[in-house]
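Chemist: In order, the protein sequence lines correspond to chains A and B. The first sequence runs 0 to 417 under numbering that gives the first Met the number 0. The second sequence runs 0 to 417 under numbering that gives the first Met the number 0.
Number of protein chains: 2
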Amino acid sequence: MNVHNDMVAIGERGRVAAQALNRLNARKKNLILEAMADAVEAHHDNIMSANARDLEEARNDGLAPSLVDRLLLNDRRMQATIKGLRDVATLKDPIGGIVSQWIRPNGLKIVKKRVPIGVICIIYESRPNVTVDTAALCIKTSNAVILRGGKEARHSNAAFADALIAGGRPKGLPEHAIQLIATTDRNAVKELVQLEGLIDLVIPRGGEELIRAVTQHARIPVIKHYKGVCHVYVEAEANLDMALDIIENAKCQRPGVCNALETLLVDQTVAATFLPRLAERMQACKVELRGDDATRALVPGAKAATEDDWFAEYLDLILAVRVVPSLDAAITHINHYGSHHSDAIVSDNEMAQKTFLHEVDSATVYVNASTRFTDGGEFGMGAEIGISTEKLHARGPMGLEELTTYKYLIYGKGQIRQ
Amino acid sequence: MNVHNDMVAIGERGRVAAQALNRLNARKKNLILEAMADAVEAHHDNIMSANARDLEEARNDGLAPSLVDRLLLNDRRMQATIKGLRDVATLKDPIGGIVSQWIRPNGLKIVKKRVPIGVICIIYESRPNVTVDTAALCIKTSNAVILRGGKEARHSNAAFADALIAGGRPKGLPEHAIQLIATTDRNAVKELVQLEGLIDLVIPRGGEELIRAVTQHARIPVIKHYKGVCHVYVEAEANLDMALDIIENAKCQRPGVCNALETLLVDQTVAATFLPRLAERMQACKVELRGDDATRALVPGAKAATEDDWFAEYLDLILAVRVVPSLDAAITHINHYGSHHSDAIVSDNEMAQKTFLHEVDSATVYVNASTRFTDGGEFGMGAEIGISTEKLHARGPMGLEELTTYKYLIYGKGQIRQ
């Protein structure tokens, strides 16, 4: 067995499938998606028993309970997965859409048209529903998909993939349009991300460690976010009640996700008024505070923050707090320590809002709202394949349109260049 | 001297400059560009004597005459360079433009706004005017630029960069907004392309060897085309007179460029009529033909093409010719052997045109026109920083808009996520 050759073969089959997918119209693709949803329903028992095997192995391997929970499929999660598939079928297909078109003085007509990217590889861990969610978005946009799930979810992922293919094929899903990597060999990822010319894009979904492993050897484009070190800056003219509500929501509503708050910056002019109130609110939410000296002078209970805390993505009920002397200092802090994901200012001063929006170099920048809204669903995209902190191609929440590229079609009548 | 540390310092200075550039409005940037053009005029003698040094060293080093010619600056080229700078000043600034905006049911207003990419590194060879052209496009789009030119043009490049900076600084060009790499150490490129977080994008401009050297170690996004293996397919229902004109133009008008024709595909139904006429026309243009067996049966003078010829970018008066049994075979050939750059069909059959446009997986696909039109100027973009065969971010000719990204600005009134 040679992992390199196996992955090349998978890439080549993906390319052929991408050409076939490119011939399907929106109606046909939606029928396929509906049939895939039906098949996941029909394969319910098979999927649940595969999941039971994964869960048993996970417990035997001593996996942390939080990871075991991510693996778990129950009726609610199965229903959500099936609904997700049917929802994707109802979304507008971006493929074939005309981005712009114009006619040149020599009569050449230039049409910039939305087309599939080609072959997309998704590398993920734990949650087996990602198999279904991401395959659906790729098929909807006529992209062949190569799925590489976590070893711990391999039986569930295989059962899901079997259902999708069994449901889709009779309705015209091209052969190899959905391929699940069966081998658990760790070198498979390294090989996949070097398949220049066969795979067009890699999207890793998971923790920072997974993403670094993917990018380390990548020779093909990777769209990703390493982490979400999100900030709220309470400006001098902030509505402090609003600030408390936004901070509580951004920190506590779901602390384990990438758009949760990690570092709070407080303008020195409001620190004395605001920080004692913050401490009270955070204590009620069981949030541990780690502050700089100025914060600790006002909140004696706070632990001392170190340099590492400003870079930290806690994903937990911990909040780093720093008092800053100015708007500029807040922006400088965010651009230096942040992850360019989601950052918010709370302020009633329009000039400060404008400067913050303009100068914070992040994918999504908020005025007077919680960072938790960085999400394809909350943005109204209908679906999300991930969130990007890249600057090229896709930035912020990625929906269907971000899974497309464009090409130029040029219509002539024999024009030659002078 | 430590190249790694030097390049990191240059990247860090670029980041600071990018923030300062982000504060300039369009009017200010245009004044800077005009002042840069004035300075290039004022530094004329200095630039010409620097160029004379490069030319002398090039001749002493025994550089090929074609490379020496690329280095050469004369009055015509100087005038074109200065005009280019002034033209960029007159173009519309894409920065700050609103891509789209909408309001969510919860009242959040989402604005998708065009912003600079940040720090862009241009790696190029020989032609010193690239220093001016690319710096102008980057400054116009508020991107800091790091220029790494060829060793052979180093005196000319330095003289141009000095002029640009001397002209721009008094008008508000931020310090280090334009940085020219002075060292000729080959490791500089390897270091630059690994500066994740400091440089946002690398654009190599030059031959395939240069581009492979850049991509080999790249850890940051590279937008490029390795080569242009462009095709014309003469379909069964082609206007043969038009086909001859298009082929002559695409092959001969400027054979050394990436959008020139390299392989001709002829449908078998018209081969017997068309190929003798082609042979005559190509002979008149001094083009060497390399054909498959079917071609050579009809054109006895043609050399035998090997598998390598189908992949070849000759950049010379040589044309590979293959007879294909069908439209599908032509498309399969192009997608397999081509470089996804520019490909054309000559045909009066609408169905064939449509299939070709849809299934050829290239950045620009033509019906009844020469491939030579793949160019920012010919597309009406006003300026061009290069041509991309990438699928992500920018595909085909790249103008000002392709040097931008976007960010989401979200305006709330205290919204929190439920």
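For each residue, glycine too, the CB sits at the ideal point set by N, CA and C.
(1) Using a 10 Å radius around the Cβ and a threshold of 16 neighbouring Cβ atoms, would you call N24(B) buried or exposed?
(2) Identify whether R253(B) lies in helix, strand or coil by the three-state DSSP scheme.
(3) Whole angstroms are fine: how far does the CA of Y123(B) sit from the CA of A417(A)?
(4) At which residues does the alpha helix (DSSP H) containing D315(B) begin and terminate?
(5) With distance defined between alpha-carbon atoms, name the residue in M6(B), D5(B), N348(B), V192(B) nearest to E234(B).
(6) Pop quiz: R394(B) and T140(A) are said to be a contact at Cβ under 8 Å. What is the actual Cβ separation, rounded to whole angstroms?
(7) Taking N24(B) as the query, report the chain A residues whose CB atoms sit under 7 Å from its CB, ordered along the chain.
(8) Compare the C-beta of V228(A) against all C-beta atoms of chain B and say whether one is closer than 8 Å.
(9) Going by DSSP in three states, T272(A) sits in which element: helix, strand or coil?
(10) Verify whether the separation of the beta carbon atoms of I421(A) and E33(A) is less than 8 Å.
(11) From A158(B) to V131(B), what does the alpha carbon distance come to, in whole angstroms?
(12) Please confirm whether A249(A) and L264(A) have their CB atoms less than 8 Å apart.
(13) Excluding five sequence neighbours on each side, which residues of the same chain lie with their C-beta closer than 8 Å to the C-beta of A187(B)?
(14) Hey, how far is the Cα of Q193(A) from the Cα of R76(A)?
(15) Should M241(A) be flagged as near chain B, meaning a C-beta pair shorter than 8 Å?
(16) Taking 8 Å as the threshold (beta carbon to beta carbon), is A382(B) in contact with chain A?
(17) Which residues, in order along the region 374-402 of chain B, keep a beta-carbon less than 9 Å from a beta-carbon of chain A?
(18) Quick one: what's got a C-beta closer than 6 Å to P93(B)'s C-beta in the same chain, skipping five residues either side?
(19) Which residues bound the beta strand (DSSP E) around S387(A)?
(20) Tell me, please, whether the CB atom of T363(A) is closer than 8 Å to any CB atom in chain B?
(21) At 4 residues or longer, and completely inside the region 7-73 of chain B: list those alpha helix (DSSP H) runs for me, N to C.
(22) Starting from the beta carbon of I415(A), find every residue of chain B whose beta carbon is closer than 7 Å, and list them in chain order.
(23) Does the region 100-113 of chain B come close enough to the region 154-169 of chain B that 3 or more CB-CB pairs lie under 8 Å?
(24) Checking contacts by CB at 8 Å: is T404(A) closer than that to chain B?
(25) DSSP three-state call for L288(A): helix, strand or coil?
(26) Beta carbon of A19(B): closer than 7 Å to some heavy atom of the ligand GDP?
(27) Who pairs with I122(A) in a beta bridge, going by DSSP?
(28) Can you find a C-beta in chain B that's less than 8 Å from the C-beta of Y410(A)?
(29) For D199(A), would you say it is in contact with chain B, using Cβ-to-Cβ distances shorter than 8 Å as the test?
(30) Of all the options V129(B), I119(B), A152(B), R185(B), which has the alpha carbon lying nearest to the alpha carbon of G196(B)?
(31) Which value, in whole angstroms, describes the spacing of the CA atoms of A79(A) and R69(A)?
(32) With H, G and I counted as helix, E and B as strand and the rest as coil, what does DSSP make of D244(B)?
(33) Under 7 Å Cβ to Cβ from D266(A), same chain only, skipping five residues before and after it: list those, please.
(34) Helix, strand or coil for Y336(B)? Go by DSSP, reduced to three states.
(35) Between P442(A) and chain B, is the shortest Cβ-Cβ distance under 8 Å, so that the two count as touching?
(36) Output needed for R12(B): all residues of its chain with C-beta closer than 6 Å, excluding positions within five of it in sequence on either side, in chain order.
Modeler: Walking through what the data contain:
(1) Here residue 24(B) is taken as the residue at index 25 of the second sequence, counted from 1. N24(B) should be labelled exposed.
(2) Within the second sequence, residue 253(B) is the residue found at index 254, counting from 1. Correct three-state label for R253(B): coil.
(3) Here residue 417(A) refers to the residue found at position 418 when the first sequence is read from its first residue. Here residue 123(B) refers to the residue found at position 124 when the second sequence is read from its first residue. According to the sequence provided, residue 417(A) is Gln. The question's Ala does not apply to it. Between Q417(A) and Y123(B), the C-alpha separation is close to 27 Å.
(4) Here residue 315(B) is taken as the residue at index 316 of the second sequence, counted from 1. Membership of D315(B) in any alpha helix (DSSP H) is not indicated, and neither H nor E is assigned to it by DSSP.
(5) By 1-based counting over the second sequence, the position of residue 234(B) is 235. When only C-alpha atoms are compared, the closest one is N348(B).
(6) As a first step, residue 394(B) must be located in the second sequence, where it is residue number 395. As a first step, residue 140(A) must be located in the first sequence, where it is residue number 141. Their Cβ separation, rounded to whole angstroms, is 16 Å, which puts R394(B) and T140(A) out of contact at 8 Å.
(7) Here the question's residue 24(B) lines up with position 25 in the second sequence. Among the residues of chain A, none has a CB under 7 Å from the CB of N24(B); the nearest is roughly 11 Å distant.
(8) The residue labelled residue 228(A) in the question sits at position 229 within the first sequence. For V228(A), the answer is no, since every Cβ of chain B falls outside 8 Å of its Cβ.
(9) What you label residue 272(A) is simply residue 273 of the first sequence in a count that begins at 1. T272(A): helix per DSSP, three-state reduction.
(10) The first residue shown for chain A is 0 and the last is 417, placing residue 421(A) beyond what the model contains.
(11) Counting from 1 along the second sequence, the entry for residue 158(B) is found at position 159. Counting from 1 along the second sequence, the entry for residue 131(B) is found at position 132. Between the alpha carbons of A158(B) and V131(B) lies a gap of roughly 10 Å.
(12) As a first step, residue 249(A) is located in the first sequence; it is residue number 250 there, counting from the start. As a first step, residue 264(A) is located in the first sequence; it is residue number 265 there, counting from the start. Judged by their CB atoms, A249(A) and L264(A) are not nearer to each other than the 8 Å cut-off.
(13) Walking along the second sequence from the start, residue 187(B) turns up at place 188. Once the five neighbours on either side are set aside, the close Cβ partners of A187(B) are V2, D5, M6, R147, I180.
(14) Taking the first residue of the first sequence as position 1, residue 193(A) is located at position 194. Taking the first residue of the first sequence as position 1, residue 76(A) is located at position 77. Cα-Cα distance, rounded: 34 Å.
(15) Reading the first sequence from its first residue, position 242 is the one you call residue 241(A). Yes, M241(A) counts as interfacial toward chain B.
(16) Looking up residue 382(B) in the second sequence gives position 383. Not a single CB atom of chain A sits nearer than 8 Å to the CB of A382(B).
(17) If you check each beta-carbon in the region 374-402 of chain B against every beta-carbon of chain A, the ones closer than 9 Å belong to D374, E377, F378, G379, E389, K390, L391, H392, A393, R394, G395, P396.
(18) Here residue 93(B) is taken as the residue at index 94 of the second sequence, counted from 1. Within its own chain, the residues whose Cβ lies closer than 6 Å to the Cβ of P93(B), once the five positions on either side in sequence are excluded, are R113, L399, E400, T403, listed in chain order.
(19) On the first sequence, residue 387(A) is found 388 positions in, with the first residue counted as 1. For S387(A), the enclosing beta strand (DSSP E) starts and ends at 385-387.
(20) For this step, residue 363(A) is matched to residue 364 along the first sequence. Yes - at least one Cβ of chain B is within 8 Å of the one on T363(A).
(21) Scanning the region 7-73 of chain B from its first residue to its last, the whole alpha helix (DSSP H) runs of 4-plus residues come out as 25-41, 43-59, 64-70.
(22) Against the first sequence, residue 415(A) aligns to sequence position 416. One finds D244, I245, N248, S369 in chain B with Cβ atoms closer than 7 Å to the Cβ of I415(A), taken in chain order.
(23) No, the region 154-169 of chain B does not touch the region 100-113 of chain B.
(24) In the first sequence, the residue the question calls residue 404(A) occupies position 405. A Cβ of chain B is located within less than 8 Å of the beta carbon of T404(A).
(25) By 1-based counting over the first sequence, the position of residue 288(A) is 289. Here L288(A) sits in strand by DSSP.
(26) Absence of the ligand GDP is noted for the structure shown, with no ligands found whatsoever.
(27) Working through the first sequence from its first residue, we reach residue 122(A) at position 123. The partner list for I122(A) (beta bridge, DSSP) reads R147(A), P203(A).
(28) The residue given as residue 410(A) occupies position 411 in the first sequence. Taking Cβ atoms only, chain B reaches closer than 8 Å to Y410(A), which makes this a yes.
(29) By one-based count along the first sequence, residue 199(A) stands at place 200. Yes, because at least one Cβ of chain B sits closer than 8 Å to the Cβ of D199(A).
(30) Within the second sequence, the letter at position 197 stands for residue 196(B). Considering only V129(B), I119(B), A152(B), R185(B), the residue with the shortest C-alpha distance to G196(B) is I119(B).
(31) Position 80 of the first sequence, counting from 1, holds the residue named residue 79(A). Position 70 of the first sequence, counting from 1, holds the residue named residue 69(A). The C-alpha of R69(A) is placed about 14 Å away from the C-alpha of A79(A).
(32) Counted from its first residue, the second sequence places residue 244(B) at position 245. In the structure shown, the three-state DSSP call for D244(B) is helix.
(33) As a working mapping, residue 266(A) is identified with position 267 in the first sequence. Cβ neighbours of D266(A) beyond the five flanking positions: V233, E234, A235, V323.
(34) Here residue 336(B) corresponds to residue number 337 of the second sequence, with the count starting at 1. Residue state, collapsed to three classes: helix.
(35) Residue 442(A) lies beyond the range of chain A shown here (0 to 417); nothing can be said about it.
(36) For the purposes of this step, residue 12(B) is taken as residue 13 along the second sequence, with counting starting at 1. Closer than 6 Å at the Cβ level, and outside the excluded window around R12(B), lie H175.
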